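Have a look at the structure below before the remarks.
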Amino acid sequence: MTSDDDRNGAGINRRKVLECMTWAGTGVLWTIAGGVPRSLGIVGEARAQAATPLTFLQISDSHVGFDKPANPNVLSTLNEAIGKVKALTVKPAFMIHTGDITHLSKVKEFDDADQAISQARLDVHYVPGEHDFLDDEQKLYRERYGRGAKGAGWYSFDANGVHFIGLVNVVDLKAGGLGNLGNEQLEWLENDLKGRSASTPIVVFAHIPLWVVYPEWGWGTEDGARALDYLKRFGSVTVLNGHIHQVMQKVEGNVAFHTARSTAFPQPAPGTAPSPGPMKVEDNRLRSVLGIATITFAPGQQRLAIVDTPLQG
Amino acid sequence: MKIDLVRGAVAAAALQLAVLTVTAFAAPALAEDISVNIDNFTFNPPRLTVTAGTTVSWTNRDDIPHTVTSSAKLFKSKTLDTDDKYSFTFATPGVYEYFCSLHPHMTGAIVVESTTGSNAAP
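Note that the protein sequences, when read in sequence, are chains A and B. The opening position of the first sequence corresponds to residue 7 in my numbering, with each subsequent residue numbered one higher. The opening position of the second sequence corresponds to residue 0 in my numbering, with each subsequent residue numbered one higher.
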């Protein structure tokens, strides 16, 4: 089931066919079948391969506690996002949250986020964003979500033959630098991958993009290349990140990179604004910016078309 | 020039006070108060030259929290939310580089010169 021997069947290199169903402003729905992650829109094809699909959901950057003009009510948009999750006809196996659960790491913010996200009634695998480590001892996140994790909160687990790795790249950041994994975590990663078959599909998730998206705004991970080096022998690697509050995708060799939208507020495209700060749009346009993106799967087409459909307007 | 005027005024006031109350009106009261604003993920001005004893105050004017963190771990603010301030007094001449520990591409430096002969400094 997890073998990817058939991945080149019918001329389809599914390692490279990595698209997503983006519930804009809500989450990204993923499914893995035949050992290869793909969007839910391709489930029909996955079934044709007699694989048991694994469907999971990604949400990111809830920023609970943020109350500035870009979105004075982020809890409401988070609840809307969770509403979308609950309404899915195919129930995901679990959710991942790629960080910035809260805006200022306050107890109430963590509580409010918990209460909203738990309404989805799904297991949630978290990694922290820099906004989740702002309390003096950086213990609120760890006490809630970091139990059993290593170091600042990294860990791995397996589901349906897929190996999931949650990494932390938001601590001990160096002046002038980008996101940071650090030696200890990288050594752990190397060991974690040791002995695994190269045909094991790998999903890596972390807050800041592991690849360098736009260094001028700090959008990248300083030592991300070392992590990717450990992953290069694997046939199918999917890297899911948040932090930049917009969808971005890149495929490099066997590695597909994807960033998810925020449930709280949009950020500008690289270089299109003086800073990466929250992007204020007219109030009645907020949900149209967050919107909903649906995936259209056209039979016979290898790539899926992502169609953005606004939540409103 | 404005700074010199302020310093002069403060010094004069201090002198008057010292005459009236001989008790504590120590040197720190002479310190100037200089501001660095955080706007658009940038320390402004990014490089600032002051004389020893100066207190520098940072104000975060972004919608996103930032910190002021010494690269040499000599000082560090708590997380500064919008409009929060942090101050640090630089007593010793030297170059103090700092950054935002949340957004480390944001960097700045305070150059502290000695109070005597600072104009002739290289």
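In this text, a Cβ means the ideal position worked out from N, Cα and C, and glycines have one as well. Since the structure is predicted, the reported quantities are computational estimates derived from the model, not experimental observations.
| Item | Value |
| --- | --- |
| Can you tell me which residues form a DSSP beta bridge with R46 of chain B? | B:A108 |
| Out of A:L140, A:A155, A:I65, A:H264, point me to the one whose CA is closest to A122 of chain A's CA. | A:I65 |
| With a Cβ-Cβ cutoff of 8 Å, do I214 of chain A and H264 of chain A count as a contact? | no |
| Which residues in the same chain as L140 of chain A place their Cβ atom closer than 6 Å to its Cβ, once the five residues preceding and following it in sequence are excluded? | L110, S111 |
| For I88 of chain A, which of A:A126, A:A233, A:D73, A:T95 has the nearest alpha-carbon? | A:A126 |
| Can the beta-carbon of L3 of chain A be found less than 8 Å from the beta-carbon of D229 of chain A? | As displayed, chain A neither begins before 7 nor continues past 319, which places residue 3 of chain A out of reach and without an answer. |
| Below 8 Å, how does it come out for the region 71-85 of chain A and the region 268-278 of chain A: are there three or more Cβ pairs, yes or no? | yes |
| How would you write the range of the alpha helix (DSSP H) that I171 of chain A sits in, first residue to last? | Element bounds for I171 of chain A: not the alpha helix (DSSP H) but the beta strand (DSSP E), 168-172. |
| If you count every other CB in all the chains shown that lies within 10 Å of the CB of S162 of chain A, and 16 or more means buried, which is it? | buried |
| Restricting to runs no shorter than 3 residues, where is the beta strand (DSSP E) found entirely within the region 98-138 of chain A? | 100-103, 130-132 |
| From A119 of chain B to P44 of chain B, what does the alpha carbon distance come to, in whole angstroms? | Residue confidence for A119 of chain B is low, a pLDDT of 42 falling below 50, so the modelled location carries little weight; the figure read from the coordinates is stated next. Cα to Cα, the separation comes out at about 22 Å. |
| Please report how far the alpha carbon of T244 of chain A lies from the alpha carbon of V55 of chain B, in whole angstroms. | 46 Å |
| Please compile the residues from chain A whose C-beta is within a distance smaller than 9 Å of the C-beta of P45 of chain B. | Chain A residues near P45 of chain B: none, gap ~12 Å exceeds 9 Å. |
| So, is the C-beta of K145 of chain A closer than 8 Å to a C-beta in chain B? | no |
| If you drop the 5 nearest sequence neighbours on each side, which residues of the same chain put their C-beta closer than 6 Å to that of V177 of chain A? | A158 |
| Is the beta carbon of T81 of chain B closer than 8 Å to that of T66 of chain B? | no |
| Could you work out which residues of chain B lie near W223 of chain A, taking near to mean beta carbons separated by less than 9 Å? | F40, H102, H104 |
| Any beta carbon of chain A sitting closer than 8 Å to that of F98 of chain B? | yes |
| Is the beta carbon of S268 of chain A less than 8 Å from the beta carbon of D67 of chain A? | yes |
| Compare the C-alpha of K286 of chain A against each of B:V35, B:V94, B:I63, B:N59 and name the closest. | B:I63 |
| Would you call the region 96-107 of chain A and the region 208-225 of chain A in contact, with 3 or more CB pairs under 8 Å? | yes |
| Three Cβ pairs or more, each shorter than 8 Å: is that satisfied between the region 180-189 of chain A and the region 143-153 of chain A? | no |
| If we ignore side chains and look at the alpha-carbon of each, how far apart do T53 of chain B and Y85 of chain B end up? | 14 Å |
| Leaving out five residues before and five after A26 of chain B in sequence, what residues of the same chain have Cβ atoms less than 8 Å from its Cβ? | With a pLDDT of 39 at A26 of chain B, under the threshold of 50, the predicted position of this residue should be treated as unreliable, though the coordinate-derived value follows. Hits under 8 Å: G52. |
| Using DSSP with H/G/I as helix, E/B as strand and the rest coil, what is A231 of chain A? | helix |
| By Cβ distance, which residues of its chain are closer than 6 Å to F100 of chain A, with the 5 residues on each side in sequence left out? | F62, L128, D129 |
| Only counting the same chain, and skipping five residues up and downstream in sequence, which positions put a Cβ closer than 8 Å to that of W217 of chain A? | G226, T227, G230, L234, V245, K256, E258, F263 |
| Identify the contact partners of S68 of chain A in chain B, using a Cβ-Cβ distance below 7 Å as the criterion. | Correct list: empty, because the minimum Cβ distance to chain B is about 15 Å. |
| Residues of the region 56-67 of chain B with a CB closer than 7 Å to any CB of chain A: list them in chain order, please. | D61, D62, I63, P64 |
| Name the DSSP bridge partner or partners of V261 of chain A? | A:V243, A:E258 |
| Quick check on DSSP: helix, strand or coil for K156 of chain A? | strand |
| Would a C-beta distance cut-off of 8 Å place W223 of chain A and W194 of chain A closer than the cut-off? | no |
| Can you name the residues of chain A whose CB is closer than 8 Å to the CB of D82 of chain B? | Residues of chain A passing the Cβ test: none, with the nearest at roughly 11 Å. |
| Applying the criterion that 16 or more other CB atoms from any shown protein chain within 10 Å of the CB defines a buried residue, is P221 of chain A buried or exposed? | exposed |
| Got a sec? Which residues, its chain only, sit under 6 Å from T22 of chain B by beta carbon, not counting five neighbours each side? | Reliability fails at T22 of chain B, whose pLDDT of 39 lies under 50, so the model's placement of it is uncertain and no value is given. |
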